[in-house]
Structures are given as C-alpha cells and as structure tokens.
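One structure is given here, and the rest of the page talks about it.
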Amino acid sequence: MRLALALIIALTTTPAAAQDADPRAVAASVAQRIRDLYFDANRGDEIANGLEAASKSGAFDQLTDPRDLAAALTTRLKPLDAHFNVVFDPNAPSGPGPAGQPAMRPPAGPNPMERASHFGFRRAEILPGNVGYIELRQFSDINFENPDDPARQAADAALNFVDDADAVIFDLRDNGGGAPSMVGYLSSAFTPADANIYNVFHNRQGVRHEAPAVFHPSPRLDVPVYILISARSGSAAEAFPYTLQSAGRAVIIGERSGGAANPGGMVPAGDGFSIFVSSGSPINPITGTNWEGVGVEPDIPVPSADALARAHAEALRAILSSDPMRRDAEWALQALQPTPVVDLTDFAGVYSDRTVVVVQDTLHVLAGRRPPVVLAPLGDDLFTVVGDPSRRYQFSRDGAGRVIAFDAVSLGGPGQRARRTD
136 MRLALALIIA
146 LTTTPAAAQD
156 ADPRAVAASV
166 AQRIRDLYFD
176 ANRGDEIANG
186 LEAASKSGAF
196 DQLTDPRDLA
206 AALTTRLKPL
216 DAHFNVVFDP
226 NAPSGPGPAG
236 QPAMRPPAGP
246 NPMERASHFG
256 FRRAEILPGN
266 VGYIELRQFS
276 DINFENPDDP
286 ARQAADAALN
296 FVDDADAVIF
306 DLRDNGGGAP
316 SMVGYLSSAF
326 TPADANIYNV
336 FHNRQGVRHE
346 APAVFHPSPR
356 LDVPVYILIS
366 ARSGSAAEAF
376 PYTLQSAGRA
386 VIIGERSGGA
396 ANPGGMVPAG
406 DGFSIFVSSG
416 SPINPITGTN
426 WEGVGVEPDI
436 PVPSADALAR
446 AHAEALRAIL
456 SSDPMRRDAE
466 WALQALQPTP
476 VVDLTDFAGV
486 YSDRTVVVVQ
496 DTLHVLAGRR
506 PPVVLAPLGD
516 DLFTVVGDPS
526 RRYQFSRDGA
536 GRVIAFDAVS
546 LGGPGQRARR
556 TD
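Below you can see the structure in the form of structure tokens.
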C-alpha cells in the first residue's frame, strides 16, 4: 500500500515529459521568422533557405525532444549571427504570431527583477588610490521621457558615487548585454554632448541611433576610463567598450568579447518554440563597422581573471603621471606589485601586546580578540596591510640581523611602535 502510494505521489509530482516535436515543421517555422524579421532581408532569406535545406536533408529528424531540437537549431544558426538563440517553453503561446510582428519588447515600466538587481549595477566602490569601480551585470532600458526613471536613477547614483575618483573602472566581465539606451547614457558621462560617436542601428524600417535622448548633465571629459571585458561580455556589453574605445575615451582590458553586435528580441515560432532574431545592426561612425563575429579587441589583453588588478595598476600609473606626489597612489601601486620572496619566520614573535605569526605567504598580527592584521611583504623588511595599502609595518633589526621591533605607519604619519619581547 505504501509503495503504491509512493508511486502515485511520484507520478503526480514529476514534471510531465515534453511532447515530441516535428523537427521539419519547427525548422520551417523558425526559418520563416528569420525570413520575416531579420534586419537584412536578403541575408535573412539566405539563412532561412540554408536552414530549410538542412532540415529537408534530415539534419534534425532524430531530435523529437523539443529541448534537444532547440539546442540543435541554435548550434546551426549561431555561427551566422551570434544573437541567434532558439528556446522551447511548453507554456509559450502556441501560434507563431503575425508574419510582420517585430521582435518582442519588454513590458512598459521597470521589470521587478531588474529593480531587485538594481538595474544591473552590482557594485560601486572606491579602490585604493582613489580609483572608482563600477561592476555592471546588465544594461537596463532607460525611459528618457520619465525624469524619475529608476534605471537612470541607478546609473546616476553609481556615477555620482565615483564622481570624485581620479580614474574610473567599469567591470563588464559578467555582462551579457541589454539596452542601447543605457549604453548611450553611460557613454555620454565621459564624452562631449552631441559627440558623433554613437552607433547607428540599421533595420528594415530605417535607422535608430544609440545616442541618448538625454545626455548626462556633467560629463567628465578628462578622467581616465578603463573597461574590463571577457568572452562572456556580449551585445550592449560590447557596444559600450567599442564606442568609448573608438572615441579614444577608454582603455579596454581583458579578453576579446563574444562578438554579438546585432540587437533584437525573442519572437514566437509556434508549438512552444521561440527564436531571438536580430532586428538591427550597428554601424559605428568612427570605424564604419561593428564587432559582429569578431568581438571587441582589448587594448591590454590579459586573462579576464587578472583584468581588474591590471586596470587598477594602469589607473594608478595614470594618476601618478599627472601628480607624482600622490603618495596614496604610489603605495597602492606598490601593493599590487609581485610579492618578493622572503623568509617570514624571521618576523614571527611577540611584540609587546601583539603576536606576529606566519600564515602561508603572509604575516598575521594578532591582538586579543581583534581581527588579524594581514601583512604582505614589499621588501626591505617593509610590509603592506592587505586590503588597505594606506597602512604599513616597518620592521627593524639589530646589528646581528635579528628582528627586534616594528613601527605601524600610515599615510597620515608614524604610528605605534612595538618592541619584540620574546
């Protein structure tokens, strides 16, 4: 009885298996959506014809599971336009929609998920040396007709936070794209109003400009700007670095981006299938082209995991080049340099009310219940405080070379001295 009851519960709680798809019918419907809506009608016909020919040859006949079929169609189409993506949703509308229906747009008003994610602005902070840092995970759409648009307010809040920074870093390494309106607005925060730098999107109806309807009111025209990218950066997350790179206003650091230039949206293809169709293609007025299929090439190519440290160092060097007396930038840059190899056991011991211990390649200064102060060597018995390069510890030795004391110093001047007591 219990086994029978368990089987009944399992059967009623397990999601229903997807219905078998008709691969040729689905491929034909997907091809027709491309033929109807792709921004370049001739190219759309060519892509659709190729997909139909592959289908008629039996390329998809064995893929009756709609999820597998959607994946195979995506694999077939994506090399032809990096935005192509076929998905299956059993709850999607059953009909394909009118032949001339444009790519679907998000509903009017802010998306609750976008609001919960702060419209893509994941983090804004000031790095050592007064370098601003903004991590942006998506480019949310701005309604410029609404002066209180929340996406624009989020952008302004992030920009205002780094307004007094001496350099600004944008981190787009985990940003898959979004809306051209945010790209244009953020670009206008670092370029002259009405500058001829913005992409022009060409579609079947004409052209659409990426220039924002409202420019940032107080652009910073001289502050150094660095943008971090990776192979995951796509679409709008490529438009932003491409625009500022072409305009000579940003240094791009990291790995070549994904190469998805053509914007558009998801459109229904019937029977639960939808396809992302590119409804436009950008042309940059400076380069005369875009990044489709090739990606944005970084000015400083480094592994994406190392891009932030490299950008921080580049920003600090730029600050020092304009003001060599900036000791905060100097100390912060030195803390980013490779750590010299030293025998840390010389420094372990008891210093007044502090105890210094070796933990892997660092020293930990312990004082009662306080969190440890972690030190990394800079050379010549000098250590930086990890995470706060404005603080340092200088150790002293006696004539025999034994470490006998340390002085805690900061940008504000000398601090506490502690003599060794063990």
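In our numbering, the protein residues as written are 136 to 557. Each residue gets a CB set at the ideal place from its N, CA and C atoms; glycine is no exception.
Coil, strand or helix - residue i by DSSP
| i | result |
| --- | --- |
| GLY235 | Because GLY235 sits at a pLDDT of 47, beneath the cut-off of 50, its placement in the model cannot be relied upon, and the following sentence gives the value as read from the coordinates. DSSP places GLY235 in coil when its eight states are reduced to three. |
| ARG168 | helix |
| ALA540 | strand |
| TYR486 | strand |
| PRO347 | coil |
| LEU546 | coil |
| VAL161 | helix |
| GLN551 | strand |
| ARG526 | strand |
| SER457 | helix |
| THR556 | coil |
| ASN246 | coil |
| PHE558 | Here the chain comprises residues numbered 136 to 557, so residue 558 is not present and cannot be evaluated. |
| ARG240 | Low local confidence applies: a pLDDT of 46 at ARG240 is under 50, so the model's placement there is unreliable, and no value is given. |
| THR378 | helix |
| VAL476 | coil |
| ARG287 | helix |
| ASP463 | helix |
| VAL492 | strand |
| GLY389 | strand |
| GLY428 | coil |
Residue i and residue j closer than 8 Å at C-beta
| i | j | result |
| --- | --- | --- |
| VAL538 | ASP496 | no |
| ALA163 | GLU187 | yes |
| SER409 | ALA227 | yes |
| ILE174 | HIS337 | The sequence given here has Phe at residue 174, not Ile. Taking 8 Å as the Cβ cut-off, PHE174 and HIS337 qualify as a contacting pair. |
| PHE81 | ILE362 | Not covered by the structure: residue 81. The range shown for the chain is 136 to 557. |
| LEU468 | ARG452 | yes |
| GLY394 | GLY430 | yes |
| VAL493 | ALA502 | no |
| SER275 | ALA314 | yes |
| ILE387 | VAL437 | no |
Distance, residue j Cα to residue i Cα
| i | j | result |
| --- | --- | --- |
| ALA234 | LEU455 | Model confidence at ALA234 stands at a pLDDT of 48, short of 50, so the residue's coordinates are unreliable and nothing is read from them. |
| PRO506 | SER392 | 40 Å |
| ARG355 | ALA396 | 27 Å |
| VAL485 | PRO549 | 21 Å |
| LEU498 | ALA511 | 7 Å |
| ASN419 | THR378 | 7 Å |
| VAL222 | ARG202 | 7 Å |
| GLU249 | ILE364 | 22 Å |
| ASP283 | ASP515 | 55 Å |
| PRO459 | TRP466 | 12 Å |
| VAL500 | PHE541 | 11 Å |
| ALA156 | ASP196 | 10 Å |
| PRO403 | SER192 | 25 Å |
| ILE421 | VAL335 | 11 Å |
| ILE182 | LEU215 | 8 Å |
| ASP298 | GLU270 | 15 Å |
| GLY428 | ARG504 | 56 Å |
| VAL165 | LYS213 | 13 Å |
| LEU294 | GLY185 | 47 Å |
| ILE169 | ALA176 | 9 Å |
| ASP301 | ASN265 | 6 Å |
| VAL342 | LEU198 | 39 Å |
Residue of the options minimising C-alpha distance to residue i
| i | options | result |
| --- | --- | --- |
| ARG367 | ILE388, ARG339 and GLY311 | GLY311 |
| ARG339 | ASP171, ALA483 and ALA207 | ASP171 |
| ASP316 | GLN273, ARG555 and ASN220 | Here residue 316 turns out to be Ser, not Asp, going by the sequence shown. Minimum Cα distance to SER316 is reached at GLN273. |
| GLU345 | ILE435, ALA156 and PHE375 | PHE375 |
| PRO285 | VAL266, PRO247, VAL520 and ALA302 | PRO247 |
| SER322 | VAL360, ARG168, ALA446 and ASP299 | VAL360 |
| LEU471 | ARG461, ARG168 and ALA450 | ALA450 |
| VAL509 | GLY536, ALA543 and ARG532 | ALA543 |
| ARG308 | ASP329, ILE169, ASP488 and PRO433 | PRO433 |
| GLU280 | ALA330, ALA348, HIS218 and ALA289 | ALA348 |
Beta carbon proximity, residue i to chain C, threshold 8 Å
| i | result |
| --- | --- |
| LEU455 | No chain C appears in this structure, which consists of one protein chain only. |
- prompt: Which runs of the beta strand (DSSP E), 3 residues or longer, sit entirely within the segment 398 to 423?
  reply: 399 to 405, 408 to 413 and 416 to 418
- prompt: Can you list, in chain order, the stretches of the beta strand (DSSP E) that have 3 or more residues and sit fully within the segment 164 to 231?
  reply: 220 to 223
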